[in-house]
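J.: Quick one: the structure is below, and I'll ask about it shortly.
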Amino acid sequence: MAEYISTFITGFGEAVSRELVRQLPGAKVIAVYDGLIHYRFDGDWRLLRQALYLNNTFYLLSSFPRGPLSFEKMVRTVCREKHRFLISQGSYRVRFSRENQFAKVDKGIVLMAEKQVAQQSRLRLDRVNPQTEIWYIIRSEGAGFCGQLLHKREATEKNLNKGELRPELAYLLCSCAHLSAGMLVCDPFCGYGAIPRQLLTGFSIRRVLASDSDPQKIQALKKGELARKFPGLSLQTADVRQLSGLAEGSLDAVITDPPWGYYEQIADMEGFYREMLQELYRVLKPGGTLILLSARKAEFAGALENSGIRCRQRIDTLVNGKKAGVFCCVRE
């Protein structure tokens, strides 16, 4: 069975492992590191491109156990082995990464690694604009890998509106809720619709309530393809502190990314979160789930006290380079 490694947003190892097994029948997780998963999969590798939560994906040529590693040792080991390259035509280059940073390596080692690829494939060397890449990777945990880059998810930020969630992050937030199709799920800070989109397209949730205090954003969503394609999407302008259109105990889950107070004028962030939680407690069913993303971790943790909503897990992650937390909570 072929082995692969893929990178993902830091902190989401549990969710990525779960989604990988759910989406790819027969896939088996070997190891999970911070932001990287090592797994077996015997199906068509092109299916890995469809996994939104995976960023860079590599076909594994060789792996190295934890311990003192050097690029020279890794290259010499790989050169003694026979390898099959999944992408065997076109151009290539060799790259070296140590602890998520590209590293400078002795020229002789680079030439040795390049020669090995040329001898075992029909690939031609192109150090500037290649069609595929061979990476030697040394992790901070001490593990090492040599793999062929199969897929690199292009950065989405340039196509997003200011403050809009990246699709892969929205997907992982939804995964943390352990959803099932019959649930009624709400995003009361829907903004540009990143979370509702993943609920409807990635998890087949048939009933999604999306609201926002900005009527222009709601109007734009009503005119968009998401509302046309999914009749189960309900959109309304509403303040999260007064969701008068929702009955008490009507929601199975709330998944949302509320304001952090860095770009909005919110004088008392913890007070705002307390008022929000009071209303979410009212509309969530007992045992209902709240998944919330915020960089204001201390303020949200303070607001949770005596709210009737308990945090069962916090995932520390990065959002656009800023430290943030995903609070996985349950309504008691």
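Counting with our numbering, you get residues 604 to 935 for the letters of the sequence shown. Built from N, CA and C at the ideal position, the CB exists for glycine as well.
To the nearest angstrom, how far is it from the Cα of Val843 to the Cα of Leu651?
T.: Their Cα atoms are separated by approximately 37 Å.
J.: Grab me the residues of Met682's own chain with a C-beta within less than 7 Å of its C-beta, minus the 5 sequence neighbours each way, in chain order.
T.: In the sequence as displayed, the identity of residue 682 is Cys instead of Met. Met715, Gln719, listed in sequence order.
J.: For Asp637, count neighbouring Cβ atoms within 10 angstroms of its own Cβ and tell me buried if that reaches 16, exposed if not.
T.: With fewer than 16 Cβ atoms within 10 Å of its Cβ, Asp637 is classed as exposed.
J.: Just to confirm, are Leu921 and Cys914 a CB contact at a threshold of 7 Å?
T.: Going by C-beta atoms, Leu921 is not nearer than 7 Å to Cys914.
J.: Could you check whether the Cβ of Arg769 sits closer than 7 Å to any Cβ belonging to chain B?
T.: You won't find chain B in this structure, because it holds only one protein chain.
J.: Check whether the region 685 to 699 and the region 725 to 735 touch, using three or more Cβ-Cβ pairs below 8 Å as the test.
T.: They touch, by the three-pair rule.
J.: Expressed to the nearest angstrom, what Euclidean distance is found between the alpha-carbon atoms of Ser666 and His686?
T.: Ser666 and His686: Cα-Cα distance of roughly 13 Å.
J.: What three-state label does DSSP hand Gly905 in the structure shown?
T.: Correct three-state label for Gly905: helix.
J.: Let's test the definition: count the other Cβ atoms within 10 Å of the Cβ of Asp919 and tell me whether it reaches 16, buried, or not, exposed.
T.: With fewer than 16 other Cβ atoms within 10 Å, it is exposed.
J.: As a quick exercise: from Ser853, Gly911, Tyr866, pick the residue whose alpha carbon is nearest that of Glu878.
T.: The residue with the shortest Cα to Cα distance from Glu878 is Gly911.
J.: DSSP three-state label for Ile690, please.
T.: Correct three-state label for Ile690: coil.
J.: If I'm right that Leu846 touches Glu902 with Cβ under 8 Å, what's the distance once you round it to whole angstroms?
T.: About 21 Å; that fails the 8 Å criterion.
J.: For a quick check, are the C-beta atoms of Gly616 and Val635 less than 7 Å apart?
T.: A contact, by the Cβ cut-off of 7 Å.
J.: If you draw a straight line from the C-alpha of Lys710 to the C-alpha of Leu627, how long is it?
T.: Going from the Cα of Lys710 to the Cα of Leu627 covers about 40 Å.
J.: Let me check understanding here. Comparing Cα to Cα, which of Glu622, Cys931, Asn659, Pro861 lies closest to Ile608?
T.: Nearest option by C-alpha distance: Asn659.
J.: Starting from Ile798, trace the alpha helix (DSSP H) both ways and give me its first and last residue.
T.: Residues 797 to 804.
J.: Can you check whether the CB of Leu893 is closer than 7 Å to the CB of Val929?
T.: Cβ distance not < 7 Å, so Val929 and Leu893 don't count as in contact.
J.: Mind listing, in chain order, the continuous alpha helix (DSSP H) runs of no fewer than 4 residues lying wholly within the region 737 to 795?
T.: Fully enclosed alpha helix (DSSP H) runs of 4 or longer: 770 to 778.
J.: So if DSSP puts Gln822 in a beta bridge, which residue, or which two residues, is it bridged to?
T.: Note: Gln822 sits in no beta bridge, so no partner.
J.: Please state the DSSP three-state secondary structure of Arg652.
T.: Arg652 falls in the helix class under three-state DSSP.
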